[in-house]
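> Take this structure, written in structure tokens, and hold onto it; I'll ask about it next.
There are 2 protein chains.
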Amino acid sequence: MKNLSKRTAQRLVRCYYLAREARALGVEFITSSKVALLLGVDETQIRKDMASVNLEGVPRKGYPVEEIINRLEEVFGLKKDRNAVLVGAGNLGRALLNYPGFLRYGVRIVGAFDKDPQKYGREVGGVWVYPVEELKEKAKTLEACLGIIAVPPREAQGVADILVEAGVEGIWNFSPALIRVPAHIALRNECLESGLVMLLHEVEVIKKSLAGS
Amino acid sequence: MKNLSKRTAQRLVRCYYLAREARALGVEFITSSKVALLLGVDETQIRKDMASVNLEGVPRKGYPVEEIINRLEEVFGLKKDRNAVLVGAGNLGRALLNYPGFLRYGVRIVGAFDKDPQKYGREVGGVWVYPVEELKEKAKTLEACLGIIAVPPREAQGVADILVEAGVEGIWNFSPALIRVPAHIALRNECLESGLVMLLHEVEVIKKSLAGS
DNA sequence: TAGATTGTTAATCGATTAACAATC
DNA sequence: TAGATTGTTAATCGATTAACAATC
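Okay, here's the thing in structure tokens:
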């Protein structure tokens, strides 16, 4: 299997979600045209995406839901359990600690860190909060392979550097700062602010197109 | 100005962030090569992006930081104040209510809604939480032009439908559900789960490429 | 002037879509 | 068999990169 492009991976993540929904409803097959409609893309695209992970469909029926789920869990590495540490126990950090949804993907937050003495030394969402000075050492002993950054932007790069030293494989950055990591570390920026700006921009675009027509 | 592609818009959002950082440091010009390095893209790309919003640079100096900020605030519609309502006052919803960062972009959450009587009838983060039955009516009286969805996936489509009826211009969907809205409504899916899966996938890809080399 | 950087045209690359044969 | 749907090749489209002239 060749590496998936980012776009393909994103569509397949959504296919995975749809397949789980279909399974929950007892549906056994799903057609590329149905998926395409829900994702707002061309149906040929979906067939190509399926083919890219060696999923085969059945003419006149569609793609087998159960196989989609299994195959994609394999491709995305969802069958492994992984430990994560979270840095920054502010509002967003606490929300993430209380979020049960990540466990479904095998990701468990096993420790949190903050520099504020008011925040460390207690539990949030079942996870102990340590002083940030202990990050490097504790991330190692907790065997964290993912680091979640929810600190203010100025501190994000420093935290990322420590996480890299501690040996994590991936960093999920919720701060708006553009951080840099070595090439062998997976990085995903989930900056909410930029998501908001993109939405505001789309609002403007639609307004303009409506005014113009 | 032609409409920006999504990719271009996303890069420009990051340029905006960098420009604000530069201004805070007292820097007056920023070169395309520096921006390109920080964003991990080709520098020609950045010059094209700048040109696409009519930003002109100065040979041997770069692009004027102040102008970047002004122009992009105009393009992205950041100079307007807008009201937003939030539906779903669970963990994630409460985190968003407590998040001060959106105000910087002129977006103020003016009301929250939940179906759980334990959650409505009080304030969270300075915002009153109403019963969800009042959503349509209240969203109108509060003059909300944005709706933020932070409810469980099963309820997301229903909430979106009500928000559309209430006349919002854009919907920011934090549930993993793929919701559908009329073409004149801006929609952005910010599904955290899918972000996590993309990160896990990248971790797998890197692992494989390191093993292969 | 020399040199760094912008701005733009042309070339390349990859992703999407169209067309249609293969299959159950 | 007829018809719906997959699977694949070719065509199109758009985005990225390369090359290089223009400018301060």
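The listed protein sequences derive, respectively, from chains W and X.
With positions in the first sequence counted from 1, the corresponding number in the numbering used here is that position plus 77.
With positions in the second sequence counted from 1, the corresponding number in the numbering used here is that position plus 77.
Where is the CB? At the ideal position from N, CA and C, for every residue including glycine.
Please go through the segment 92-171 of chain X and give each complete alpha helix (DSSP H) segment of 4 or more residues, from N-terminal end onward.
Listed in chain order, the alpha helix (DSSP H) runs fully inside the segment 92-171 of chain X are 109-116, 120-129 and 142-152, counting runs of at least 4 residues.
> Step through the CB atoms of chain W and report whether any lies within less than 9 angstroms of the CB of Pro136 (chain X).
Here the question's residue 136 (chain X) lines up with position 59 in the second sequence. Answer no: the Cβ-Cβ gap between Pro136 (chain X) and chain W never drops below 9 angstroms.
> Can you say whether Val184 (chain W) is buried or exposed, counting buried as having 16 or more other CB atoms within 10 angstroms of its CB?
Within the first sequence, the letter at position 107 stands for residue 184 (chain W). Classification for Val184 (chain W): buried.
> In chain order, which continuous runs of the alpha helix (DSSP H) of length 4 or greater are located wholly inside the segment 222-246 of chain X?
230-242
> Less than 8 angstroms between C-beta atoms, sequence neighbours within five positions excluded: which residues of the same chain meet that for Val104 (chain W)?
Residue mapping note: residue 104 (chain W) aligns to position 27 of the first sequence, counting from 1. Answer for Val104 (chain W): Val142, listed in chain order.
> Can you confirm whether Leu102 (chain X), when its beta carbon is compared against all beta carbons of chain W, has any partner nearer than 9 angstroms?
Position 25 of the second sequence, counted from the start, is the residue given in the question as residue 102 (chain X). By this cut-off, Leu102 (chain X) is not an interface position.
> Please say whether Ile226 (chain X) and Ile262 (chain X) have beta carbons closer to each other than 9 angstroms?
Here residue 262 (chain X) corresponds to residue number 185 of the second sequence, with the count starting at 1. Here residue 226 (chain X) corresponds to residue number 149 of the second sequence, with the count starting at 1. Contact: no.
> Any beta-carbon of chain W closer than 9 angstroms to the one on Arg199 (chain X)?
Mapped onto the second sequence, residue 199 (chain X) falls at position 122. So, not an interface residue.
> Determine which residues of the segment 272-283 of chain X have a Cβ less than 7 angstroms from any Cβ of chain W, and write them out in chain order.
Gly272, Leu273, Val274, Met275, Leu276, Leu277, His278, Glu279, Val280, Glu281, Val282 and Ile283
> Give the single residue among X:Thr108, X:Phe153 and X:Glu242 whose Cα lies nearest to the Cα of Gly139 (chain X).
Taking the first residue of the second sequence as position 1, residue 139 (chain X) is located at position 62. The candidate whose alpha carbon is nearest that of Gly139 (chain X) is X:Thr108.
> I need the boundaries of the alpha helix (DSSP H) containing Val280 (chain W), first residue and last residue.
Against the first sequence, residue 280 (chain W) aligns to sequence position 203. Start and end: Leu269 to Gly289.
> Terminal residues of the continuous beta strand (DSSP E) containing Ala189 (chain X)?
For the purposes of this step, residue 189 (chain X) is taken as residue 112 along the second sequence, with counting starting at 1. Val184 to Asp191 is the extent of the beta strand (DSSP E) around Ala189 (chain X).
> Does chain X have any CB closer than 9 angstroms to the CB of Tyr182 (chain W)?
As a working note, residue 182 (chain W) is residue 105 in the first sequence. For Tyr182 (chain W), the answer is yes, since a Cβ of chain X falls inside 9 angstroms of its Cβ.
> State buried or exposed for Ser252 (chain W), treating a residue as buried only when at least 16 other CB atoms are found within 10 Å of its CB.
Taking the first sequence and counting its residues from 1, the one referred to as residue 252 (chain W) is at position 175. Ser252 (chain W) comes out buried.
> Is Arg91 (chain W) close to chain X, meaning its C-beta is less than 9 angstroms from at least one C-beta of that chain?
For this step, residue 91 (chain W) is matched to residue 14 along the first sequence. Interface residue, yes.
> Counting only C-beta atoms, is Gln87 (chain W) closer than 9 angstroms to chain X at any point?
In the first sequence, counting from the first residue as 1, residue 87 (chain W) sits at position 10. In terms of beta-carbon proximity, Gln87 (chain W) lines the interface with chain X, with at least one pair separated by less than 9 angstroms.
> Please determine if the segment 238-248 of chain W and the segment 208-215 of chain W are in contact, where contact requires at least 3 C-beta pairs separated by less than 8 angstroms.
yes
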